[in-house]
Structures are given as structure tokens and as C-alpha cells.
Amino acid sequence: MALQIVDGCVNCWACEPLCPSQAIYAALPHFLIDAKKCTECDGDYADKQCASICPIEEAIVDSQGEALNPPGSLTGIPPERWEQVRAEIQAR
Amino acid sequence: MELTVLGQSQTTAPEAGGCASSGCGSNDDQLNHLPEHIRAKVHNHPCYSEEAHHHYARMHVAVAPACNIQCHYCNRKYDCSNESRPGVVSELLTPDQAVKKVMTVAANIPQMTVLGIAGPGDPLANPERTFDTFRQLTEKAPDIKLCVSTNGLALPELVDELCQHNIDHVTMTINCVDPDIGAQIYPWIFWKNRRVYGRKGAEILIKQQQKGLQMLVDRGILVKVNSVMIPGVNDKHLEEVSKAVKAKGAFLHNVMPLIAEAEHGTFYGVMGQRGPTHDELQELQDACSGDMNMMRHCRQCRADAVGMLGEDRGDEFTMDKIEAVDVDYAAAMVKRAEVHAAIEATLAAKQQKKNETFISLSSLSIPKKESRPVLMAIATSGGGIINQHFGHAREFLIYEANAHDVRFISHRKTDLYCSGDDTCGDGESVLQKTINALKGCEVVLCSKIGYEPWGMLEEAGIMPNGEHAMEAIEDAVAAVYKEMGEKGLLDKKPETKQRATA
Chain A
1 MALQIVDGCV
11 NCWACEPLCP
21 SQAIYAALPH
31 FLIDAKKCTE
41 CDGDYADKQC
51 ASICPIEEAI
61 VDSQGEALNP
71 PGSLTGIPPE
81 RWEQVRAEIQ
91 AR
Chain P
1 MELTVLGQSQ
11 TTAPEAGGCA
21 SSGCGSNDDQ
31 LNHLPEHIRA
41 KVHNHPCYSE
51 EAHHHYARMH
61 VAVAPACNIQ
71 CHYCNRKYDC
81 SNESRPGVVS
91 ELLTPDQAVK
101 KVMTVAANIP
111 QMTVLGIAGP
121 GDPLANPERT
131 FDTFRQLTEK
141 APDIKLCVST
151 NGLALPELVD
161 ELCQHNIDHV
171 TMTINCVDPD
181 IGAQIYPWIF
191 WKNRRVYGRK
201 GAEILIKQQQ
211 KGLQMLVDRG
221 ILVKVNSVMI
231 PGVNDKHLEE
241 VSKAVKAKGA
251 FLHNVMPLIA
261 EAEHGTFYGV
271 MGQRGPTHDE
281 LQELQDACSG
291 DMNMMRHCRQ
301 CRADAVGMLG
311 EDRGDEFTMD
321 KIEAVDVDYA
331 AAMVKRAEVH
341 AAIEATLAAK
351 QQKKNETFIS
361 LSSLSIPKKE
371 SRPVLMAIAT
381 SGGGIINQHF
391 GHAREFLIYE
401 ANAHDVRFIS
411 HRKTDLYCSG
421 DDTCGDGESV
431 LQKTINALKG
441 CEVVLCSKIG
451 YEPWGMLEEA
461 GIMPNGEHAM
471 EAIEDAVAAV
481 YKEMGEKGLL
491 DKKPETKQRA
501 TA
């Protein structure tokens, strides 16, 4: 049971100090999670901390490879409303 | 790369670079009405004082990458060397590297008085890195003013620690005081170990901002409030924001235009949200200025900018270039003090001259009644005079002349159209772009101008004028306005304005 940081990571450091297990470390080309240390915040926080502050969709995945922040999730706008919202914004 | 060492170079007051009108604000200096103790704090801060930004430089160090909120105008993939806008940097620094960089720049650009930490994330979401940088600089470079900008979310809990670091100024970005509007700007915030979305997140952010503002003011810290003007979202609302922050004790309000291009990859950019037109921005700034001291010379610089406000010399001071440099800061401080004294002397002389200019301006026999205000664009490369070729101007200073005075309104950036290399693109269309950027102006004053742009400007209803080359900007604007009055051009309305995006 461990989360993983993948390609999208922009090395913004936001997750590193939040990890209750100190499992996150700076590396190149991007930050990494030590799978041996990661507890997915079990017992510490209700929400997985790294995934809760990460600003990049799809940069953190679970052990199944599923993105914790899937496409569109961080815009606050569900994908099915995307085109309607775009039209509204362009009418401003 | 040559880094000149102070003491081996002359110590005369350096020529002002960047924006260089001789007196943005003219006879109506934006800081004149402030109490003396506040003016003393900001008189050499280029981001706070219009006058100072012609003479003093600033720098930002990019030590703060993390952010605790998401704004729709920001893309967290901040690493880009070609863009010039807030939140963008080329090189992230550790606090130790930042301190080295600041001391190297201070020794080489002695007019640099201010070090700000502005990102690329939120400085207070990176408290250890931000405060470590401040702690070291307070000790090693006590002649540099420190300042910080923040979204305010973490401010209340950090305000006391912040106050320990010799900080006189804080800039807060406040785009709204209404959570329903906030929900359209901030998709989420990170708060108490959770991501909080939409209106609920915006509500917490606004509460923290207002609380933090109050706490700063209570502790005697000067607060400048930045607001991003987003048409259709908060444009109607910012007057209310201006009133609210003034009531709390903020001393300066800086309304900036939204920067949103699809290629920046921001939510607004991708979705096609437009920025305000020049007219819309100016109208809002004027509307807010009734309640608040407004700032109009902001250049919305990068989180790693170095130099005068209109320029960025960051490329001269990348880590690989400065790592080998040894700085004798004690010697540098002596020289810096000399340079600052020379600038102060220049400023005092200028103030004297400005008062005289004011008298001569007001004695001009401009018809007092019925004459409408006119916007003029100025091509200048510095020194407060008209000294730049039209085609070389990267930005134009916009002045308004009316029956009573001449005042600096704003600057407008333009793409250089005659650089002559492959980056030039289609010359004609770029020239058209420049002309679009000057919409609303009736005159453009420059040292020289080519035949082709002359014709196109005339066609667009903008009168080119090269007769005032090497003259002081305000004097020339006043003289042209007077000529227009004599020709009866001030009675009728100008050609219909087209909308130009800021």
C-alpha cells in the first residue's frame, strides 16, 4: 500500500513537508515517494495529504495506478459541464 | 558575464532604466497625502512609490515554490524563461543560494534597495524557506529592505514570526470580499489538512485575508493590496474591495489587468477568459481612486525579476554565473550608501524643478473650459525625456493632458515590430498590433518614426509627432495639448475608439 508520484509532478515542494511518514523526497526529474515508508496517511489523516495539496492532476497515483486527482478534478468543474462553462466564460 | 565590483567603478547615481517618465504622477504625487512616517518607509521602494521606481531597483528571489491555493489565472508549471508575469521563474533557489544571489546583485546594482519574496508559489506556504532567507539577509545585508507578497491564507498564524524579520511592507492579493465571486476565481484551497473546494474554500480564504490584513495594520506594517481585474467576474466588485481594504487600513491599492493567454496553460487562458481593455482598466482605477490611493506603475513582474521595474536583468545573475563570485559586502555597503545619497540628492533637485514646472504648466494659457482630456503615448528609453524611436519602443507610457494638468496614466506593452530577425514575424501585422495597443491615444510622441508606421498611425486616428525629441515628457505633452487647443481640436470628440485588450 503506497502512493506514487509520476511524470506530471512539477517539483513544487508542497507535498513534502505534509507527509506524516516523511516518505516524500526530492529527486530528479521529479519528487518520489518511498514505498516502504508510505502509509497513505492511514491513522494520521482522513485525506491523503500529498494528493490533497498537489496542484497537478494525475501526478499522484495509487497502487492500482489510478490518479487520485483525475483530469478536470482540480478545476472544480465536472467534465460534462466543461463546454457550457467555456461558452459562459467566453461571453464575458 | 562580467560582474563589476563596486569601488572599481564610478559611484555616480546610475541612470534610471526601465520606465522613466520624469514624474509618473506629475504634480499629483500619489504619496503626497500620506503621513510622513509612511512616506519615509516607501520613498525608496520602487513597487510602492512611483517616484522611486525611476531610480531604485528591486529583486525577487524564487525560494517559495509551494502554494496552498489554486487561482484560475495561475499555472503551477511555473518554469518558463520566456514569459514575464507573476508566478513564473526560471530557477528555483535554496535559501543559501538566494542569499548569495541577493548580495551579489546588491554589490553590482547598488540602486537595488528591496528584496521581495513573491513565489513562484505563496511565500507563506513555504515558511521555513522564506523565513530562513529573511533571517540570513537581516544579518548579512541590513541595508536591504525586505518584503513579501502573499495570498493571505496562512498570514494570521505567521504574522508574528513575519514581524520579527525587519519587514516594513507586505503585499496581499485580494481579488474579492464576496465568496460567490471567490468561487469563480479559486477552485480550491488547502486548509487544515484538507482540500476545500469552491465557495466554502473562498469563504475561508477571504476571512483569513481580512483577518491577516487587520493584524498587519495593527502591528504597523504597511500593506499594499493587489487585485487582478477579471472582466465579468470581479470587475464590478473591485470598487467594493477597494473600500473594504481601505477601511481596514491598507495604504495602497494596485488593480492589475488579468493576463490570460491559452499558451500559458492557465484555466482562464485555456477557457478563453478575456483580460480587460485599457479603457476598462483605467475606468476602474479611476473609480477606485476616489476611495483609495491607487498604484498605476506596476509591471506585474516575474517571481525572479532583477533590476528596475521596466527591465529584467535576471539572466545576468543565474546561479552558475554567481557561484564563483566573492562579495565583500562591507565594502559594497559603503558604496551603496554613496549611490543612495546621490539618488536622494537627484530626487531633491527634481522635486525642486517639478514645483517650478508645475507653475510654468499652470501658467500656460490653455483654455480652461470645454476642453476635453487627451491621451498621448510616449516612446522613451529613460530619463523622463522623449528619446526613443517609435519602432524601438517595447512599451509606451500613456499620459493624459487636460485643462489643468498632465498626469501619468499607465504603461502599455507592445511587441517590437522592427527587430529585423526571424523572431520578427510578419512585420505588418506586428505593427498593427502596436497600433492596436495605442487605441484611445490621439498622439504618439517619439524621437523618430518611419514612413510606413506614420501613415498607418494617421489612418488609425493617432497623430505621430517627432518634433519634441529630447524634451521633457510633461512639458512636451503640455505643449502639444496647447497646440491642439489652438487648432480647435479639443472641442470635438475624438474618432470612435475600438476595443483594445490590455
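Going down the list, the protein sequences come from chains A and P.
Per UniProt numbering, the very first residue in the first sequence carries number 1; after that it's consecutive.
Per UniProt numbering, the very first residue in the second sequence carries number 1; after that it's consecutive.
Idealized CB from N, CA, C, for every residue including glycine.
- Per DSSP, the unbroken beta strand (DSSP E) holding residue 465 of chain P starts and ends at 463-465.
- At a cut-off of 4 residues, the continuous stretches assigned as alpha helix (DSSP H) that sit fully inside the segment 170-210 of chain P are 179-182.
- Neighbours of residue 86 of chain A in chain P, taken as residues whose beta carbon is under 9 Å from its own, are 270, 271, 272 in chain order.
- The straight-line gap separating the alpha-carbon atoms of residue 161 of chain P and residue 192 of chain P is approximately 20 Å.
- Residue 67 of chain P reaches chain A at 12, 14, 55, counting residues in chain order whose Cβ is nearer than 8 Å.
- Selection P/441, P/456, P/218 evaluated against residue 372 of chain P yields P/441 as nearest (Cα-Cα).
- In the three-state scheme derived from DSSP, where H, G and I count as helix and E and B as strand, residue 10 of chain A is classed as coil.
- Contacts with chain A at 8 Å (Cβ-Cβ) do not include residue 131 of chain P.
- In the DSSP assignment, the residues bridged to residue 399 of chain P are P/376, P/408.
- DSSP places residue 436 of chain P in the helix class (H, G or I) of the three-state scheme.
- The bridge partners DSSP lists for residue 70 of chain P are P/188.
- In this structure, residue 105 of chain P and residue 59 of chain P form a Cβ contact; the two beta carbons are roughly 5 Å apart against a cut-off of 8 Å.
- Using a CB distance cut-off of 8 Å, residue 275 of chain P does not count as an interface residue toward chain A.
- As the crow flies, the alpha-carbon of residue 374 of chain P is around 13 Å from that of residue 476 of chain P.
- Ranked by Cα distance from residue 51 of chain P, the first of P/297, P/485, P/396, P/334 is P/297.
- Residue 25 of chain A is bridged by DSSP to A/32.
- Beta-carbon to beta-carbon, residue 66 of chain P and residue 13 of chain A are separated by about 5 Å, close enough to satisfy the 8 Å threshold.
- Put simply, the backbone Cα of residue 471 of chain P is about 15 Å away from that of residue 350 of chain P.
- Scanning chain A for C-beta atoms nearer than 8 Å to the C-beta of residue 70 of chain P yields 55, 74, reported in chain order.
- Residue-level contact check: residue 22 of chain A does not touch chain P, since none of the beta carbons of chain P fall below 8 Å from its beta carbon.
- Annotated three-state conformation of residue 254 of chain P is strand, per DSSP.
- Counting along the chain, residue 103 of chain P sits inside the alpha helix (DSSP H) bounded by residues 95-108.
- Checking the DSSP bridge columns, you'll see residue 120 of chain P partnered with P/64.
- Within the segment 173-200 of chain P, contact with chain A at the beta-carbon level (separation under 7 Å) is assigned to 187, 188, 190, 193, 194, 195, 197, 198.
- Residue 491 of chain P and residue 233 of chain P have their C-alpha atoms some 37 Å from each other.
- Under the three-state reduction of DSSP, residue 275 of chain P is assigned to coil, being neither helix nor strand.
- In this chain, residue 482 of chain P is not harboured by any beta strand (DSSP E); it is covered by the alpha helix (DSSP H) spanning 473-486.
- From the beta-carbon of residue 81 of chain A, no residue of chain P is found nearer than 8 Å; the closest lies around 12 Å away.
- Scanning its chain for C-beta atoms nearer than 7 Å, with the 5 sequence neighbours on each side dropped, one finds around residue 178 of chain P the residues 237, in chain order.
- With its beta carbon at least 8 Å from every one in chain A, residue 202 of chain P lies outside the interface.
- When C-alpha distances from residue 102 of chain P are compared across P/145, P/395, P/119, P/126, the shortest belongs to P/145.
- Put simply, the CB of residue 47 of chain A is near chain P, with a gap under 8 Å to one of its CB atoms.
- Residue-level contact check: residue 52 of chain A touches chain P, since one or more beta carbons of chain P fall below 8 Å from its beta carbon.
- Beta-bridge partners of residue 227 of chain P (DSSP): P/255.
- Just measuring C-alpha positions, the residue of P/69, P/479, P/332, P/140 sitting nearest residue 96 of chain P is P/140.
- In the three-state reduction of the DSSP assignment, residue 4 of chain A falls in the strand class, which pools E and B.
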